[in-house]
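Here's the structure, in structure tokens; my notes come after.
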Amino acid sequence: GGDGYVVVLTDRDTEDWTRPGTEKIVERALAADGRGEGAVVMLHDSGGDRSETVAAVERILDRLQPRGYRFTTLTQALGMPSAEVAVPVHERAVGWTLVTAQRAASALTGTMGVLFAIAGILYVLRLVLLLLFAHIHMRRVRRPRPPVMPEMVEYGEMPPDPFPPVSVIVPAYNEEAGISATVVSLVDTDYPGTVEVIVVDDGSTDGTPAIVDSIGLPGVHLIRKPNGGKPSALNAGLYVTQAGIIVLVDGDTVFQRDTLRHLLAPFADPEVGAVSGNTKVANRGGILGRWQHIEYVIGFNLDRRMFDVLQCMPTVPGAIGAFRRSALAEVGGVPCDTLAEDTDLTMAICRTGMRVVYEEKALAWTETPSSLRQLWRQRYRWCYGTMQAMWKHRRSVIESGGSGRFGRRCLPYLTVFQVLLPLFAPAIDLFALFGLVFLDPAVPAVTWTLFVAAQAAAGAYALWLDGESVRPLWTLPLQQFVYRQLMYLVVVQSVVTALMGARLGWSTIRRTGTFADPGGREQSRGPIGYT
């Protein structure tokens, strides 16, 4: 009291902090003392959950007010000056801002939790669908079926031309490091029919044309043209050949001896307009190569098995793809108005109603980017070009026939799993990190472990389907901290680029010549390169 404080003693302590229940708190507050002089009742406004106290106050007021009791503050009861001080406007604004921020953060946390759950459900659903359709595809392609072209002779089922002439077109821009290995592998084939290899030099500034000229193998032709980009080089090759089956191959890709035979086998079905081969990563020695190897097998090839079963293949890869000439003619050749000409071309063929299938036994070994910078540039173009192709063929969603089947099955899948989910991935990662630090860390830790385990299980099955070792899967947990972020940031940048209306050009990557002679040199850079 000597310091100016007023000491107030309570008559009744409800002990509401023990949470005895609302009725018990009311009972203690209203306990009769027989004097009728009123009382000072203690209730606590802090110390955890105060919902019982709040409910008790409301009941106390409801019971005492009809009996004539008044309720006042200590300041009023003692006739003292008010202890309340007017809050300055700027402090009120700060307080309002803090309260609003806290409420927004709480709402955001709830929203992110819902999005996290939706993303998890979609991921599991996609994984289940991939494995289911991969199994269906495996049973379909491995059951006894009509013989492939070379075996038709053995079975006595000779079509008019069991081994039709084939033209292999190789667009090349500064590919001196590996072009020799590519061409030699194409000529060294066990396909019984006539095979011509057309190398289209697209204005190379290195020794690519000289190397092709020096190979000296029969059936190899070189066309030289000014630099115009990969689609123009492919169309230049189409212009000079009359073969009924056209194979398109990148200049950094090597075939096995039986690749052409397996790649052309599905054309025994007249409804097949194009065939996608099985692209393998050649330079898988380093950690980045292993990550790309895992992605090619788990991501690309599992997807293609599903798309084959659903008859909605979006991409025949530029590294290895075969096409009927009639299919190419119907869609006007290789399109030049998107950066993913292989995806654009495949979608156009699907919309004609012709089937596009995946042949797992047709192996092609390709060189992939050897640095994160090169990988970023390649995937940036792939992603941006794929979105261009999706937008170009968007009307297929409302069309009928084969076009509608492709549009309604493929485009929504690509939109959800290759655009929308990667866009939300940064927020999901941040929310997981937030939960790890500020919430129960067991939840995000267990979720992440289950996520990686599910990926590993799917990866093991995909590697088994491809006859590959599961040893690279040890890098899968590490992939979640670098490679995954790189891939979804590529999608974010591609979407931003598209929304801004900017145009993205072709880029080039340095070739190391994985299959070339030891003396092969690295490529130079030029006006329009290939990735």
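Okay, so the sequence shown: first residue is 2 according to our numbering, each after it adds one. All C-beta atoms, glycine included, are put in the ideal place defined by N, C-alpha and C. None of these values were measured; they are calculated from a predicted model.
ask   = Can the beta-carbon of V418 be found less than 8 angstroms from the beta-carbon of V310?
value = Reading off the sequence shown, one finds Phe at residue 418, where the question assumed Val. For F418 and V310, no; Cβs fall outside 8 angstroms.
ask   = Under the DSSP definition of a beta bridge, which residues are partnered with E197?
value = S168.
key: Closest Cα partner of A178 within the set P478, D251, L264, A30   = Checking every option, the nearest Cα to that of A178 belongs to D251.
request  = Check Y462 in the structure and name its three-state DSSP category.
outcome  = DSSP places Y462 in helix when its eight states are reduced to three.
key: Distance between V200 and P172 (C-alpha atoms, nearest Å)   = Roughly 6 angstroms between the two C-alpha positions.
query = Near D22, which residues of its chain fall below 7 angstroms by C-beta distance, leaving aside the five closest residues on each side in sequence?
reply = In the sequence under discussion, the amino acid at residue 22 is Gly, which differs from the Asp named in the question. If you ignore the 5 residues before and after G22, its C-beta comes within less than 7 angstroms of the C-beta of E53, all in its own chain and listed in chain order.
request  = Just mark T98 as buried or exposed, buried being the case when its beta carbon has 16 or more other beta carbons within 10 Å.
outcome  = Result: exposed.
request  = Return the first residue and the last residue of the alpha helix (DSSP H) that E331 is part of.
outcome  = Per DSSP, the continuous alpha helix (DSSP H) segment holding E331 begins and ends at 326-331.
Proximity to R13 [Cα-Cα], best of I26, L249, I321 = Comparing alpha carbon positions, the residue from I26, L249, I321 closest to R13 is I26.
inquiry  = Per the DSSP calculation, R356 is bridged to which residue(s)?
reply    = Answer is V273, bridged to R356.
query = What is the residue span of the alpha helix (DSSP H) that I61 lies within?
reply = Under the DSSP assignment, I61 falls in the alpha helix (DSSP H) whose first and last residues are 52-65.
key: Rounded C-alpha distance that separates Y385 from V497   = Taking the Cα positions, Y385 is about 10 angstroms away from V497.
request  = Assuming T1 and Q389 form a contact by the criterion Cβ under 8 angstroms, report the distance between their Cβ atoms to the nearest whole angstrom.
outcome  = Summary: the structure shown does not reach residue 1, with the chain confined to residues 2 through 532, and so no result is reported for it.
Nearest to S372 (by Cα), restricted to the options Q257, G220, G286 = Of the listed residues, the one whose Cα sits closest to S372 is G286.
request  = Given a cut-off of 8 angstroms, decide if S168 and T254 are closer than it, judged by their beta-carbon atoms.
outcome  = T254 places its beta carbon 8 angstroms or farther from that of S168.
task = In the DSSP assignment, find the beta strand (DSSP E) that holds F256 and state where it starts and stops.
result = From DSSP, the beta strand (DSSP E) with F256 extends over 254-256.
Meets three-Cβ-pair contact criterion under 8 angstroms: the region 328-337 and the region 254-265 = Of all C-beta pairs linking the region 328-337 to the region 254-265, fewer than three are shorter than 8 angstroms, placing the two stretches out of contact.
query = Any contact of the region 393-402 with the region 95-112, i.e. 3+ C-beta pairs under 8 angstroms?
reply = Contact fails: fewer than three Cβ-Cβ distances are below 8 angstroms.
message = Give me, in chain order, the residues of the same chain whose beta-carbon lies closer than 7 angstroms to that of L329; leave out the 5 immediate sequence neighbours on both sides.
response = Excluding sequence positions up to five before and after L329, its CB lies within less than 7 angstroms of the CB of L239, I247, all in the same chain and listed in chain order.
inquiry  = Using a Cβ distance threshold of 8 angstroms, determine whether the region 193-212 contacts the region 287-303, with at least three qualifying pairs required.
reply    = Flag = no, the region 193-212 and the region 287-303 do not touch.
query = Can you give the Cα-Cα distance for A341 and V196, rounded to whole angstroms?
reply = It is roughly 27 angstroms from the alpha-carbon of A341 to the alpha-carbon of V196.
request  = Let me know the alpha helix (DSSP H) ranges lying completely inside the region 347-417, each 4 residues or longer, listed in chain order.
outcome  = List check, alpha helix (DSSP H) in window: 373-393, 402-415.
query = Since I122 is in the beta strand (DSSP E), which residue starts that stretch and which ends it?
reply = Careful: I122 lies outside any beta strand (DSSP E), inside the alpha helix (DSSP H) at 90-143.
Candidates S277, A459, G436: closest to T448 by CA position = Taking only the C-alpha atoms, the option nearest T448 is G436.
ask   = At what residues does the beta strand (DSSP E) containing H222 begin and finish?
value = Run containing H222: 221-226, per the beta strand (DSSP E) assignment.
request  = Answer yes or no: do M139 and E272 have a C-beta to C-beta separation smaller than 8 angstroms?
outcome  = Not closer than 8 angstroms, so no.
message = If I measure Cβ to Cβ from K189 and keep anything under 8 angstroms in the same chain, skipping five residues before and after, which residues do I get?
response = Reading off the sequence shown, one finds Asp at residue 189, where the question assumed Lys. Setting aside the 5 residues that flank it on each side, D189 is surrounded in the same chain by R258, each with a C-beta closer than 8 angstroms to its C-beta; the list follows chain order.
ask   = Where does G157 land, buried or exposed, given buried means 16+ other C-beta within 10 angstroms?
value = Caution applies to G157, whose pLDDT of 42 falls short of 50 and renders its modelled position unreliable; the value that the coordinates give is listed next. The C-beta of G157 has fewer than 16 other C-beta atoms within 10 Å across all chains shown, which makes the residue exposed.
message = Our contact map puts L479 next to V453 with C-beta atoms below 8 angstroms; I'd like the distance itself, whole angstroms only.
response = 10 angstroms between Cβ atoms; not a contact.
task = Following the continuous alpha helix (DSSP H) through L249, name the residue where it begins and the one where it ends.
result = From DSSP, L249 is part of no alpha helix (DSSP H) but of the beta strand (DSSP E) over 246-249.
V492 - DSSP class collapsed to helix/strand/coil = Helix.
query = Which one of A275, Y381, L289 has the shortest CA to CA distance from T347?
reply = When each option's Cα is compared against that of T347, the closest is A275.
key: Residues near R20 in its chain [Cβ-Cβ closer than 6 angstroms; skip 5 each side]   = Taken in chain order, the residues that qualify are E53.
ask   = Below 8 angstroms between beta carbons: does that hold for V282 and T367?
value = Cβ atoms of V282 and T367: closer than 8 angstroms.
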